[in-house]
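S.K.: With my numbering, the residue at position 190 of the sequence shown is 455, and numbering never jumps. Before anything else, here's the structure in question.
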Amino acid sequence: MLRRFVKMQGAGNDYIYFDCLHGELEKPETLAVRLSDRHKGIGGDGIVLICESAVADAKMRMFNADGSEGNMCGNAIRCVGKYLYDGGIVHGEDMTVETRSGIKKLHCFAGENGKVREVRVDMGPAVFEPARIPAAFEPGRGSAVSEAGRFFAAGEECIVDRPLKIAGRTYSVTCLSMGNPHCVVFENPDGVDLEKIGPLFENAPVFPERVNTEFVQKIGERTLKMRVWERGSGETMACGTGACAAAAAAVAKGMFPAGEEITVKLRGGDLKICVGDTVYMTGGAEVVFTGEVEV
């Protein structure tokens, strides 16, 4: 059968979106693998289903390019917000979207044409507790959490600047969850062979559910530069939860004060992150094209 889809992108993170408000899509994990192929499919970082929800305005399900289902996707949820607003499915600039990592609150910013151009998402608090990431490091201390980060990080239990040996080299890592597990490494991302080292981080034994890895560098007073290797997708143009994780890690390390906007520069564009007792992410959402595909 033919199913309509919308391809959308946020900061270059592109997904194929299906409206499932009136009926689920069968075997989405298989479909994600087939359609995400950039040579024999539509091409994308995965597929997103926009479904009915009993507890929010809509529910988002996201499947990576390898068919695995993700808990959360910051760039995708902004595009879901645009779809709901522009299509008149949700009336008003504020809405809620259910995800596997909880209900997220969105605020849409419409342009002069009445279509959404940017979305701000309340991503919830950064979680530094190892068991909730999850990350199975041996007990031990890393660097102290900065005063700015103490109100959202758990002090001595945090994995902040802890050593992690990958392929014979010891990296200093900071680990946390933003709905997905993240491992943040502060070093120049331009010099990283991400195709080689990314899978080794993703599948390291200390991460029982695999991990997204961000290589991050401070390049300005309120600015970070980042490349990301996402579990299930490989290197992507951007990662919303990864940008949030990078900013939260920087605050925990004392690189930035809490409560101020941080710009995270990714290969596909910029995201604006504000870290406090919750993490706010603001970024663009655009339609690339619409079409029909046989499923």
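Cβ atoms here follow ideal geometry from the backbone N, Cα and C, with glycine treated the same way. Given the structure is predicted, the values throughout are model-derived calculations rather than measurements.
Beta strand (DSSP E) containing R382: first to last residue?
M.R.: V381 to D387
S.K.: What does the Cβ neighbour count give for N329, buried or exposed, with the cut at 16 atoms within 10 Å?
M.R.: Counting the other CB atoms within 10 Å of its CB gives N329 a total of 16 or more, which places it among the buried residues.
S.K.: What residue does the beta strand (DSSP E) around R492 start on, and which one ends it?
M.R.: Counting along the chain, the unbroken beta strand (DSSP E) around R492 starts and ends at T488 to E495.
S.K.: Which residues in the same chain as L531 place their Cβ atom closer than 6 Å to its Cβ, once the five residues preceding and following it in sequence are excluded?
M.R.: The answer, listed in chain order, is A276, M491 and A503.
S.K.: What's the C-alpha gap between C285 and L314?
M.R.: 6 Å
S.K.: Using the Cα positions of P395 and R385, report the straight-line distance between them to the nearest angstrom.
M.R.: 28 Å
S.K.: Just tell me which of N468, G497 and V516 has its CA closest to the CA of L489.
M.R.: V516
S.K.: Measure the alpha-carbon distance for E557 versus P522 and round it to whole angstroms.
M.R.: 47 Å
S.K.: Would you list the one or two residues that DSSP bridges to M325?
M.R.: I315
S.K.: So, with DSSP's three-state summary, where would you put K562?
M.R.: Here the chain has residues from 266 to 560 only, and residue 562 is not among them.
S.K.: To the nearest angstrom, report how far apart K537 and T506 are at their CA atoms.
M.R.: Whole-angstrom Cα-Cα distance: 12 Å.
S.K.: When you compare each of G433, E422 and G485 to P439 by their alpha carbons, which one comes out closest?
M.R.: The identity of residue 439 in the sequence shown is Thr, whereas the question assumes Pro. Of the listed residues, the one whose Cα sits closest to T439 is E422.
S.K.: R269 and T501 look like a contact to me (Cβ under 8 Å); what is the Cβ gap, rounded to whole Å?
M.R.: Not a contact, Cβ separation roughly 25 Å.
S.K.: Who pairs with L531 in a beta bridge, going by DSSP?
M.R.: Beta-bridge partners of L531 (DSSP): G534.
S.K.: Tell me whether T361 sits in a helix, a strand or coil according to DSSP, three-state version.
M.R.: strand
S.K.: In chain order, what residues of the same chain have a beta carbon less than 8 Å from the beta carbon of N468, not counting five sequence neighbours either side?
M.R.: R475
S.K.: Are the beta-carbon atoms belonging to S366 and M337 less than 7 Å from one another?
M.R.: yes
S.K.: In whole angstroms, give me the CA-to-CA distance for H304 and G332.
M.R.: 17 Å
S.K.: Given this structure, state the Cα-to-Cα distance separating V560 from A319, to the nearest angstrom.
M.R.: Straight-line Cα distance between these residues: approximately 27 Å.
S.K.: Using a 10 Å radius around the Cβ and a threshold of 16 neighbouring Cβ atoms, would you call A513 buried or exposed?
M.R.: buried
S.K.: Among the candidates R299, H356, S442 and T478, whose CA atom is the shortest distance from the CA of L429?
M.R.: T478
S.K.: Is it right to say K369 is buried, meaning 16 or more other beta carbons lie within 10 angstroms of its own, or is it exposed?
M.R.: K369 is classed as buried because its beta carbon has at least 16 other beta carbons within 10 Å across all chains shown.
S.K.: Put T506 into one of helix, strand or coil per three-state DSSP.
M.R.: Secondary structure of T506 (DSSP, three-state): helix.
S.K.: For V298, name the three-state secondary structure that DSSP assigns.
M.R.: Helix at V298.
S.K.: My output table needs one value for V450: the three-state DSSP class, helix, strand or coil.
M.R.: DSSP places V450 in strand when its eight states are reduced to three.
S.K.: Once the 5 residues before and after H356 are set aside, which same chain residues still bring their CB inside 8 Å of it?
M.R.: Correct list: empty, nothing qualifies.
S.K.: State the Cα-Cα distance for the pair D387 and N378, rounded to the nearest angstrom.
M.R.: 25 Å
S.K.: I'd like the list of long-range same chain contacts for T435, defined as Cβ closer than 8 Å, with 5 residues on each side in sequence excluded.
M.R.: P428 and L429
S.K.: Beta carbon of D351, beta carbon of V392: below 7 Å?
M.R.: no
S.K.: Are K272 and V553 touching if we call contact CB-CB under 7 Å?
M.R.: Contact flag set, yes.
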